[in-house]
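Counting in the UniProt record's numbering, the sequence shown runs from 1 upward without gaps. Glycine residues also receive a C-beta, built at the ideal position from the N, C-alpha and C atoms. Accompanying notes for the structure given below.
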Amino acid sequence: MSNTALITGASGGIGAEFARYHASKKGDLILVARRLDALNALKAELESAHGVTVHIIAQDLGEAGGADALVTAVDALGVSVDILINNAGFGGHGKHIERDLEDEQDMIDLNIKALVTLSHAFGGKMAAQGSGRILQVGSTAGFMPGPLQAVYFATKAFVGSFSQALDQELHSDGVTCTVLAPGYVETEFANRADLGGTDLVKNGTSPQSVAKHGYDAMIAGKLVTVNERQLSILTQWVIPLLPRRTVLKMVEKMQSK
1 MSNTALITGA SGGIGAEFAR YHASKKGDLI LVARRLDALN ALKAELESAH GVTVHIIAQD
61 LGEAGGADAL VTAVDALGVS VDILINNAGF GGHGKHIERD LEDEQDMIDL NIKALVTLSH
121 AFGGKMAAQG SGRILQVGST AGFMPGPLQA VYFATKAFVG SFSQALDQEL HSDGVTCTVL
181 APGYVETEFA NRADLGGTDL VKNGTSPQSV AKHGYDAMIA GKLVTVNERQ LSILTQWVIP
241 LLPRRTVLKM VEKMQSK
């Protein structure tokens, strides 16, 4: 029985931990990221440790046509994708009008457009075969607006809304779509997003624990999952009841240096 997982953003952080966890369950992998050297190292590690087959594809999903190129490359492998984990994404700190517009648009292209393209392509294939699992890496940022990361928070709100609707549409076809919405995770994300020195990154969880939580929730067919109980209560039950201006000021302060 096939058990192949396609994981984007797999060269490090949560993506690499998803790969390690899936391989530990004797599942084969298609790993996607920009850094070929990191992918090669992870491939060697997983094949040696677990005896699984690992395909690697070096692809920038944020570039024009990048997601379509990945779909073509996977089709060329002739491998059926049973699990899709859309993990690739990035953020960026600062006022929207002061940030480089191209960086903001690149964030939308990767966090939204690539995710939608892959969900469409592989979700369709899963529906045709009558089974499959999709895991979208969202964020607790998706539960609120985010001054000083306005575009990033908005992209994760899109991921949450889109993915829940997709799950409902695909459920009768034997396919589920789970949203993993973690808080801050100790990965390279904070450095790339220039979040050092903010309260947002003072306390984080390990990528290993987040990956396991999300993967297990996906297998269980859960709709939305937050990896920390207190954070789940705060984002889904407390913040929605607060005045909008209070939430905006709170998030802005949390992300201020």
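Requested in this report: Give the range of the alpha helix (DSSP H) segment to which G160 is assigned.
Outcome: Note, G160: alpha helix (DSSP H), 150-170.
Query raised in the report: In chain order, what residues of the same chain lie with their CB nearer than 7 Å to the CB of D109, ignoring the 5 residues before and after it?
Result: Taking D109 as the centre and dropping the five residues before and after it, the same chain places the C-beta of G62 closer than 7 Å to its C-beta, in chain order.
Requested in this report: State whether the segment 174-182 contacts the segment 220-238, with contact taken as three or more CB pairs (one from each stretch) at a distance under 8 Å.
Outcome: Contact between the segment 174-182 and the segment 220-238 is established, with three or more Cβ pairs separated by less than 8 Å.
Report task. May I have the straight-line CA-CA distance separating E104 from N203, to the nearest angstrom? Result -> Between E104 and N203, the alpha-carbon positions lie close to 26 Å from each other.
Query raised in the report: Are there 16 or more other CB atoms within 10 angstroms of the CB of residue 269, so buried, or fewer, so exposed?
Result: The shown model of the chain, from 1 to 257, leaves out residue 269, and the question about it has no answer.
Requested in this report: Could you tell me if I97 is buried or exposed, where buried requires 16 or more neighbouring beta carbons within 10 angstroms of its beta carbon?
Outcome: It is exposed - the Cβ of I97 has fewer than 16 other Cβ atoms within 10 Å.
**Report entry** Own chain, CB closer than 8 Å to M1, minus 5 neighbours either side, in chain order
**Finding:** The predicted model places M1 with a pLDDT of 46, which falls under 50 and marks its position as unreliable; any figure quoted below should be read in that light. Excluding residues within five positions, none has a Cβ falling inside 8 Å.
**Report entry** Given A23 as reference, the closest of A38, H50, A33 once Cα atoms are compared
**Finding:** Nearest of A38, H50, A33 to A23, Cα basis: H50.
Query - Proximity to A16 [Cα-Cα], best of Q129, S206, G196 - result: A16 has its Cα closest to that of S206, out of Q129, S206, G196.
Query raised in the report: In three-state DSSP terms, what is V251?
Result: In the structure shown, V251 sits in a helix (DSSP, three-state: H, G or I).
Query raised in the report: Does the beta-carbon distance from A210 to M144 come in below 7 Å?
Result: For the sequence presented, residue 210 should be read as Val rather than Ala. In this structure, M144 does not lie closer than 7 Å to V210 by Cβ.
Query raised in the report: Using DSSP with H/G/I as helix, E/B as strand and the rest coil, what is D60?
Result: Look at D60 here: in three-state DSSP terms it is coil, with no helix or strand label.
Query raised in the report: Taking 7 Å as the CB-CB limit, is I134 close to chain C?
Result: This model lacks chain C altogether, as it is built from one protein chain only.
Requested in this report: Identify which residue in D194, N87, Q59, P243 has its Cα closest to the Cα of K95.
Outcome: Out of D194, N87, Q59, P243, D194 has the C-alpha closest to the C-alpha of K95.
**Report entry** Under the three-state DSSP convention, the category V81 falls into
**Finding:** The DSSP-derived three-state label of V81 is coil.
Report task. Go to Q136, then tell me how far its beta strand (DSSP E) extends in each direction, as first and last residue. Result -> For Q136, the enclosing beta strand (DSSP E) stretches over residues 132-137.
Report task. On a CA-only basis, which of R229, T117, C177, N191 is nearest D64? Give me that one, please. Result -> Note that residue 64 is Ala in the sequence shown, not Asp. For the residues R229, T117, C177, N191, the minimum Cα distance to A64 belongs to T117.
Query raised in the report: Just how far apart, CA to CA, sit T225 and F90?
Result: Computed Cα separation, rounded: 20 Å.
Query raised in the report: Given a threshold of 16 other Cβ atoms within 10 Å of its Cβ, counted over all protein chains shown, does H120 qualify as buried or as exposed?
Result: Exposed, because fewer than 16 other Cβ atoms sit within 10 Å of the Cβ of H120.
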